[in-house]
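Using the UniProt record's numbering, you'd call the opening residue of the sequence shown number 1 and step up by one each time.
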Amino acid sequence: MDVLLRRLDPEVPVPAYGHPGDAGVDLVTTEAAELAPGERTVLPTGVSIALPDGYAAFVHPRSGLAARCGLALVNAPGTVDAGYRGEIKVIVVNLDPRESVRFERFDRIAQLVVQQVEKVRFHEVAELPGSARAEGGFGSTGGHAAVGGSTGGNEYASVGGDREGQ
Ligand SMILES: O=c1ccn([C@H]2C[C@H](O)[C@@H](COP(=O)(O)OP(=O)(O)OP(=O)(O)O)O2)c(=O)[nH]1
Ligand SMILES: [Mg+2]
Numbered sequence: 001m002d003v004l005l006r007r008l009d010p011e012v013p014v015p016a017y018g019h020p021g022d023a024g025v026d027l028v029t030t031e032a033a034e035l036a037p038g039e040r041t042v043l044p045t046g047v048s049i050a051l052p053d054g055y056a057a058f059v060h061p062r063s064g065l066a067a068r069c070g071l072a073l074v075n076a077p078g079t080v081d082a083g084y085r086g087e088i089k090v091i092v093v094n095l096d097p098r099e100s101v102r103f104e105r106f107d108r109i110a111q112l113v114v115q116q117v118e119k120v121r122f123h124e125v126a127e128l129p130g131s132a133r134a135e136g137g138f139g140s141t142g143g144h145a146a147v148g149g150s151t152g153g154n155e156y157a158s159v160g161g162d163r164e165g166q
């Protein structure tokens, strides 16, 4: 699909897929920045796009930065509406408890995934049709990480225990 893109910075590279089959194109920051532990900021990408109606673009984290630096997107995935013509921005937060993270101009900070999205009409009803799940949610199927306590010296939280419904 062809999508119109405007460069707001003459030097910013046009985003491109790294490999055939990749879902996202990497976005860069046009501003250098340094984030202290726990700090967040909004980084400019130097591009704006015009998506056709019925599509949206989603700003996703890059897993390498998440694993190496604890970098997360506060609003992941960020939603870029088809009608949005402003600069795509990336809201990052440094979740590392100790280390700062530094970005240079044109470092790749996030990835953009374009997807078709459904538009729906809501029809209000008094009762919804039944389903196997019904109102179960928020962990109703069990198998949760141990929270709020020791993990018994294990580096990882326990995810195997099915403690509910017993
Ligand atoms: O990570 C993001 C998320 C959003 N946007 C832009 C595109 C999107 O179309 C617009 C609005 O985003 P959203 O609807 O998530 O924010 P809002 O707080 O609901 O703002 P608005 O009232 O303008 O819809 O901001 C970005 O550039 N990056
Ligand atoms: Mg909105």
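Note that CB positions come from ideal geometry on N, CA and C, so glycine has one too.
Residue closest to residue i, alpha-carbon to alpha-carbon, out of the options
i	options	result
residue 62	132, 142, 111	111
residue 118	144, 98, 52	52
residue 120	17, 54, 11, 30	54
residue 17	126, 102, 114, 31	114
Residues near residue i by beta carbon distance below 7 Å, same chain, minus five either side
i	result
residue 79	56, 58
residue 173	Past the boundaries of the shown model lies residue 173; the chain is included only from 1 to 166, so the question cannot be answered.
Segment limits, alpha helix (DSSP H) that includes residue i
i	result
residue 68	63-69
Local Cβ density within 10 Å of residue i, reported as buried at 16 or more and exposed below that
i	result
residue 20	exposed
residue 143	exposed
residue 103	buried
residue 75	exposed
residue 125	exposed
residue 10	exposed
Test item: CB-CB of residue i and residue j under 8 Å
i	j	result
residue 45	residue 27	yes
residue 29	residue 107	yes
residue 31	residue 105	yes
residue 86	residue 60	no
residue 37	residue 96	yes
residue 43	residue 101	no
residue 50	residue 4	yes
Other residues of its chain near residue i: CB distance less than 8 Å, five sequence neighbours each side excluded
i	result
residue 166	Per-residue confidence for residue 166 stands at a pLDDT of 37, beneath the threshold of 50, marking its modelled position as unreliable; the derived number appears in the next sentence. Within the same chain, residue 166 has no close Cβ partners at all.
residue 69	94, 96, 99, 101
For residue i, the first and last residue of its enclosing beta strand (DSSP E)
i	result
residue 9	Residue 9 -> no beta strand (DSSP E), and no H or E assigned at all.
residue 54	Residue 54 -> no beta strand (DSSP E), and no H or E assigned at all.
residue 92	89-94
residue 104	Where residue 104 is concerned, there is no enclosing beta strand (DSSP E), given that its DSSP letter is neither H nor E.
residue 78	78-80
6 Å CB neighbourhood of residue i in its chain, flanking five on each side removed
i	result
residue 6	48
residue 13	none
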